[in-house]
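Note sheet for the following structure.
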Amino acid sequence: ETGVTQTPRHLVMGMTNKKSLKCEQHLGHNAMYWYKQSAKKPLELMFVYNFKEQTENNSVPSRFSPECPNSSHLFLHLHTLQPEDSALYLCASSQQLAPAYEQYFGPGTRLTVT
Amino acid sequence: DAKTTQPTSMDCAEGRAANLPCNHSTISGNEYVYWYRQIHSQGPQYIIHGLKNNETNEMASLIITEDRKSSTLILPHATLRDTAVYYCIVRGYDTGTASKLTFGTGTRLQVTL
């Protein structure tokens, strides 16, 4: 599926680096999400945006900084990360926030913090 | 969100129907039943969802019991590419956030020749 794309697909960064993850959806959706999937743990919702406005921040550390310039693009800015932040970061989008509307996921960015 | 219970793993022969059960006995009236699957290290793939009625799309069928306490995902003709972890998720407004998809441990479906 190419409805939700994420770049880069793999990223290795040191703890002092600053990097950004990019997500783009081509589905005309209004809501976008960042999830984190650590090894052998369930998906964790990090942030939710609706019509470019952040509606949820699930107690995510400030070293993760999201940005949503428009309804089609979502960024996750990373700085001074820790090794335990190594995970698969997934972006998703849905037409609306309501439970009746399914979320479509991108392929994810595999992040390794060294 | 209501909790779900799924078998840890299942096997299915290629070409046969795969029937994946899910129990959600505490589901409330406005909660939807969703199914996703995830192939190792890839993003979850949406399959199907429903509220009360049975649903069918090009990928699968969803059968929800009349009391809504359980459901079954049916892949009509399983192929090797259907080997994945399948997640049954109940999603609604009850917890104060409508956005969350709470993934449990799912059912690991192995399709064999």
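Protein sequences appear in the order of chains A and B. Here my numbering is used: the first residue of the first sequence is 62, the next is one more, and so on. Here my numbering is used: the first residue of the second sequence is 285, the next is one more, and so on. For glycine and all other residues, C-beta sits at the position ideal for the given N, C-alpha and C.
Backbone secondary structure at A:P127 - three-state DSSP: Position 66 of the first sequence, counted from the start, is the residue given in the question as residue 127 of chain A. Note: A:P127 maps to strand in three-state DSSP.
Residues that B:L357 contacts on chain A, provided the C-beta gap is smaller than 7 Å: Along the second sequence, one-based indexing puts residue 357 of chain B at 73. Those within 7 Å of B:L357 in chain A number zero; the least Cβ separation is about 14 Å.
A:P160, DSSP secondary structure in three states: Position 99 of the first sequence, counted from the start, is the residue given in the question as residue 160 of chain A. The answer is coil: DSSP assigns A:P160 none of H, G, I, E or B.
is_contact[A:G167, chain E] using C-beta, thresh 8 Å: In the structure shown, chain E cannot be found, because the protein chains are A and B.
Proximal residues to A:E163 (C-beta, below 7 Å), its chain only, five neighbours per side dropped: By 1-based counting over the first sequence, the position of residue 163 of chain A is 102. S155.
B:I373 burial status per 10 Å Cβ neighbour count (16 or more: buried): Within the second sequence, residue 373 of chain B is the residue found at index 89, counting from 1. B:I373 is classed as buried because its beta carbon has at least 16 other beta carbons within 10 Å across all chains shown.
Chain A contact residues for B:Q326, given Cβ-Cβ distances below 8 Å: To locate residue 326 of chain B, count along the second sequence from 1; it is residue 42. In chain order, P168, G169 make up the part of chain A whose C-beta sits under 8 Å from the C-beta of B:Q326.
CB-CB length for B:E315 against B:T363, believed under 8 Å: Here the question's residue 315 of chain B lines up with position 31 in the second sequence. Here the question's residue 363 of chain B lines up with position 79 in the second sequence. Contact between B:E315 and B:T363 does not hold, since the beta-carbon distance rounds to 31 Å and is not under 8 Å.
Contact set between B:H361 and chain A, taken where Cβ atoms lie within less than 8 Å: Working through the second sequence from its first residue, we reach residue 361 of chain B at position 77. What B:H361 touches in chain A: nothing, since even the nearest Cβ is about 21 Å away.
8 Å Cβ cutoff, B:K384 in contact with chain A: Against the second sequence, residue 384 of chain B aligns to sequence position 100. Put simply, the CB of B:K384 is near chain A, with a gap under 8 Å to one of its CB atoms.
Whole-angstrom distance between A:H71 and A:H138, CA atom to CA atom: As a position in the first sequence, residue 138 of chain A is number 77, starting the count at 1. As a position in the first sequence, residue 71 of chain A is number 10, starting the count at 1. Going by the C-alpha atoms only, they are around 15 Å apart.
Interface residues of chain B facing A:Q143 [CB-CB closer than 8 Å]: The residue labelled residue 143 of chain A in the question sits at position 82 within the first sequence. Simply none; closest approach about 21 Å.
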